[in-house]
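>
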Amino acid sequence: MWSGPPQPDQGLPPPLAAVPVPWKSTDPCQGHRESPGALVETSAGEEAQGQEGPAAAQLDVLRLRSSSMEIREKGSEFLKEELHRAQKELKLKDEECERLSKVREQLEQELEELTASLFEEAHKMVREANMKQAASEKQLREARGKIDMLQAEVTALKTLVITSTPASPNRELHPQLLSPTKAGPRKGHSRHKSTSSTLCPAVCPAAGHTLTPDREGKEVDTILFAEFQAWRESPTLDKTCPFLERVYREDVGPCLDFTMQELSALVRAAVEDNTLTIEPVASQTLPAVKVAEVDRSTNTCALSGLTRTCRHRIRLGDSKSHYYISPSSRARITAVCNFFTYIRYIQQGLVRQDAEPMFWEIMRLRKEMSLAKLGFFPQEA
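Residues in the sequence shown are numbered from 4 upward in steps of one, following the working numbering.
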């Protein structure tokens with residue numbers, strides 16, 4: 004029998020089909036829901052579920068809070084690490100900036116020092132340049148004065164040479180021809196009064212008479228004259244030219260070839276360089292000079308090594324040592340010196356003569372060298 008629809012105040016539970024199926028998440032981090040079949044339980048289970056609902060909700064809240072705190076802690080740790088890393092990088096950058104600042108200061112200091120040193124060096128160079136310029140100007144003035152003096156001397160020598168001939172040499176041009184009272188000291192090849200006959204007619208002791216140039220028979224040797232003509236076109240003191248090579252080989256070399264070979268070589272070099280000085284020996288005995296470990300005094304010739312009375316001595320260049328020589332050695336040296344003096348005059352343009360007179364003057368000087376090397380020398384007064 005139907006009793007009509009149920010009343011709501013009867014306290015009976017609603018039918019199962021009318022119970023809503025709630026969505027429940029077992030884990031806050033999981034996003035799935037339970038199946039409806041798992042939620043269908045008996046009426047006793049539903050009642051227990053209705054009683055435990057607030058506790059479950061509270062548990063879910065606690066879980067959410069715990070997860071939030073955990074996430075916050077992890078985020079805080081991450082931020083702290085990032086901050087520590089940023090601070091470390093900032094510290095490194097500060098150190099790098101400080102180092103670069105020190106480098107810049109050091110470079111600025113070095114630049115200032117370099118600038119100061121450059122200015123100082125520039126002032127020093129300018130000062131030295133001014134001093135050198137002043138010294139150069141002074142030397143230029145002195146050189147011009149010397150040039151003027153030399154030009155005057157050359158003019159005077161030309162005037163003297165023009166009046167000198169082989170037959171009658173100018174005694175002012177050749178001081179060795181002057182008397183002992185008029186002849187003064189000279190630089191270069193200094194000679195004593197006894198050399199006056201080296202430029203005069205030869206004296207042959209064996210024959211006992213004098214051969215004057217105008218009485219001697221003379222004939223020009225074409226080969227010798229051709230060599231002299233070639234040399235006269237461009238005078239030189241180079242011993243390799245044919246003219247001087249012949250004179251060196253036939254006259255100069257044998258004339259200066261003494262027993263003491265080492266000193267002979269020095270004498271020859273001094274004669275060629277015009278630095279040989281011949282001085283008369285004083286009456287008193289002078290200190291001895293050692294040559295080749297042998298004592299050489301005024302009674303021993305330093306060149307020949309023979310015991311002879313040495314009235315002259317030679318000095319080579321600026322040396323303070325003297326070497327005593329015999330009259331024969333002196334005659335040989337002065338004969339060569341006379342030859343070199345004459346050819347130097349020709350080279351300097353101081354001899355104004357034709358080719359033939361100059362040639363015969365050179366032949367006469369060569370004859371003097373030949374006589375001297377053979378042992379003939381004039382007796383001193």
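No residue lacks a Cβ here, since even glycine has one placed at the ideal position from N, Cα and C.
Starting from the N-terminal side, write out each stretch of the alpha helix (DSSP H) that is 4 residues or longer and does not extend beyond the stretch 244 to 278.
Counting only runs of 4 or more, we get 245 to 250, 264 to 276.
> Give the secondary structure of E282 by DSSP, where H, G and I count as helix, E and B as strand, and everything else as coil.
It is a strand residue.
> What would DSSP say about L353, mapped onto helix, strand or coil?
If DSSP states are grouped into helix, strand and coil, L353 belongs with coil.
> Enumerate in chain order the residues of its own chain whose CB-to-CB distance from E85 is below 8 Å, with the five nearest sequence positions on each side excluded.
Excluding positions up to five away in sequence, the list is empty.
> Take L306 and list the residues in its own chain whose beta-carbon comes closer than 8 Å to its own, dropping the five residues that flank it on each side.
Excluding residues within five positions, the ones whose Cβ falls inside 8 Å are F261, T262, M263, L266, S267, V270, Y326, I328, S329, S332.
> With a 10 Å radius around its C-beta and 16 neighbouring C-beta atoms as the bar for buried, classify M134 as buried or exposed.
Burial call: exposed.
> Considering only residues of the same chain and omitting the five flanking positions on each side of Y251, which have a CB-CB separation below 6 Å?
K242, listed in sequence order.
> I'd like the list of long-range same chain contacts for A273, defined as Cβ closer than 7 Å, with 5 residues on each side in sequence excluded.
Hits under 7 Å: L279, L319, G320.
> I'd like the span of the beta strand (DSSP E) that includes D319, first residue to last.
Looking at the sequence itself, residue 319 is Leu, so the reference to Asp does not match. L319 -> beta strand (DSSP E) spans 315 to 319.
> To the nearest angstrom, how far is it from the Cα of T310 to the Cα of D151?
Each residue's alpha carbon lies about 49 Å from the other.
> Between the Cα of G256 and those of E123, E371, K376, spot the shortest distance and give me the residue it belongs to.
G256 has its Cα closest to that of K376, out of E123, E371, K376.
> Please report how far the alpha carbon of K370 lies from the alpha carbon of G220, in whole angstroms.
Looking at the two C-alpha atoms, the distance is approximately 14 Å.
> Counting only beta-carbon separations shorter than 7 Å, does E116 have a partner in chain C?
Of the protein chains in this structure there is only one, and it is not chain C.
> DSSP on T310, reduced to helix/strand/coil?
Three-state result, T310: strand.
> Using the rule of at least 16 other Cβ atoms within 10 Å of the residue's Cβ for burial, across every protein chain shown, is C100 buried or exposed?
Under this definition C100 is an exposed residue.
> In three-state DSSP terms, what is T303?
Strand, per DSSP.
> Identify every residue that forms a DSSP beta bridge with I328.
Paired residues: H315.
> Return helix, strand or coil for S322, following the three-state DSSP convention.
DSSP places S322 in coil when its eight states are reduced to three.
> Have a look at M128 and A137 and give me their C-alpha separation to the nearest angstrom.
Each residue's Cα considered, the two are about 14 Å apart.
> Roughly how many angstroms separate the alpha carbons of L227 and R249, rounded to a whole number?
The alpha-carbon atoms of L227 and R249 are separated by roughly 9 Å.
> How close, in whole Å, do the beta carbons of L374 and Y345 come, if the pair is a contact with beta carbons under 8 Å?
The pair is not a contact, with the Cβ atoms about 17 Å apart (cut-off 8 Å).
> Identify which residue in Q154, T225, F362 has its Cα closest to the Cα of Q351.
Nearest of Q154, T225, F362 to Q351, Cα basis: Q154.
> Let me check understanding here. Comparing Cα to Cα, which of P360, S104, Y348 lies closest to V157?
Cα-wise, what sits closest to V157 is Y348.
> From the DSSP output, in three-state form, read off T118 for me.
In the structure shown, T118 sits in a helix (DSSP, three-state: H, G or I).
> Per DSSP, what kind of secondary structure is L160 in: helix, strand or coil?
Note: L160 maps to helix in three-state DSSP.
> Given A358, which residues of its chain have a CB within under 7 Å of its CB, disregarding the five upstream and five downstream residues?
Only Q232, R235 meet the Cβ criterion.
> Determine the contact status of E230 and F246, defining contact as a CB-CB distance below 7 Å.
Cβ atoms of E230 and F246: closer than 7 Å.
> Is DSSP giving G378 helix, strand or coil here?
Coil, per DSSP.
> Between A60 and S70, what straight-line distance do the alpha-carbon atoms span, to the nearest angstrom?
Taking the straight line from one Cα to the other gives about 15 Å.
> Buried or exposed for E364, please, with buried defined as at least 16 other CB atoms from any protein chain shown within 10 angstroms of its CB.
Under this definition E364 is a buried residue.
> Quick one: give me the first and last residue of the alpha helix (DSSP H) that T239 is part of.
No alpha helix (DSSP H) contains T239, which DSSP labels as neither H nor E.
> Is T312 buried or exposed, if buried means 16 or more other CB atoms sit within 10 Å of its CB?
So T312 counts as exposed.
> With a cut-off of 8 Å on the beta carbons, I'd call C258 and A132 a contact; round off their distance for me.
About 54 Å separates the two Cβ atoms, so there is no contact after all.
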